[in-house]
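To start, the structure under review is shown below, and the notes come after it.
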Amino acid sequence: MGNATSSAISKEILEDLKLNTKFTETEICQWYENFQKQCPTGRISPEDFKQIYARFFPESDATTYAQHVFRSFDTNDDGTLDFKEYIIALHMTSTGKTTRKLEWAFSLFDVDKNGYITKTEVTEICQAIFKLIPKEDLGKLPGDENTPEKRADKLWSFFEKKDNERLAEGEFIKGVIDNENAMRLIHYEPMKE
Ligand SMILES: [Ca+2]
Ligand SMILES: [Ca+2]
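Here it is in structure tokens:
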């Protein structure tokens, strides 16, 4: 029987992760070891997560965006990320498979987790993305994308929906795959010099 104080990963979680990700048993066990070291409680709190994000965005305010990303990874809604959620997150955001990344992007935009995206939700994520953009880059944005509202308008227009209509996951993924600009506008990419 398993020992509650043991630092080894439970067989159940391991099997589950092997089944649901492309990672090997060795990789998963290595990550588990690292995770235990960095996170002895076994849970990542929203505060820890914000700090991790802040390191990647020293010149801007990543707090709001980090909150949204955290929410999209916290699939069981308990307010923390456990090892399984962490690995699934890593899998969704790091694999080359576009549809998987877009499934994650959908969950990022679906702020209230009801299975649909509204224009209000798109605007909310665009506002969070804007806070990630360093001040000196804001002035370089194209005229039809230089506020969160304009960016949301432009993005929403690609899905050919009315402002009061909503977007299902399949429609979102298809819309983004069909349109390079939509693909670009759903996430933040630092400007290249
Ligand atoms: Ca959780
Ligand atoms: Ca929603």
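If you count the sequence shown from 1, position 70 lands on 177 in this note's numbering, and the numbers rise without skipping. Beta carbons: idealized from backbone N, C-alpha and C, even for Gly.
Item to check | Cross-strand partners of residue 275 (DSSP beta bridge) | outcome: Note: residue 275 sits in a beta bridge opposite 223.
Item to check | Secondary structure of residue 189, DSSP reduced to three states | outcome: strand
Next on the checklist: Please report the straight-line C-alpha distance between residue 225 and residue 117, rounded to a whole angstrom.
Outcome noted: 39 Å
Checklist entry - Are the Cβ atoms of residue 235 and residue 172 separated by less than 8 Å? => result yes
Next on the checklist: Here's a check: name, in chain order, each residue in its chain whose Cβ is nearer than 6 Å to the Cβ of residue 286, leaving out the five neighbours to either side.
Outcome noted: 265
Next on the checklist: Could you tell me which whole alpha helix (DSSP H) segments of length 4 or greater appear in the region 130-167?
Outcome noted: 132-145, 153-163
Next on the checklist: Using C-beta distances below 6 Å, list every residue in its chain close to residue 298, excluding the 5 sequence neighbours before and after it, in chain order.
Outcome noted: 244
Item to check | Start-to-end residues for the alpha helix (DSSP H) that takes in residue 205 | outcome: 205-216
Next on the checklist: Within a Cβ cutoff of 6 Å, which residues of the same chain sit near residue 218, ignoring the five residues on either side of it in sequence?
Outcome noted: 228, 231
Checklist entry - What's the gap between the Cα of residue 273 and the Cα of residue 223? => result Taken atom to atom, the span from the alpha-carbon of residue 273 to that of residue 223 is near 6 Å.
Item to check | Distance cut-off 7 Å: residue 192 Cβ against heavy atoms of ligand 1 | outcome: At least one heavy atom of ligand 1 lies closer than 7 Å to the C-beta of residue 192.
Checklist entry - Distance, Cα to Cα, residue 127 vs residue 140? => result 20 Å
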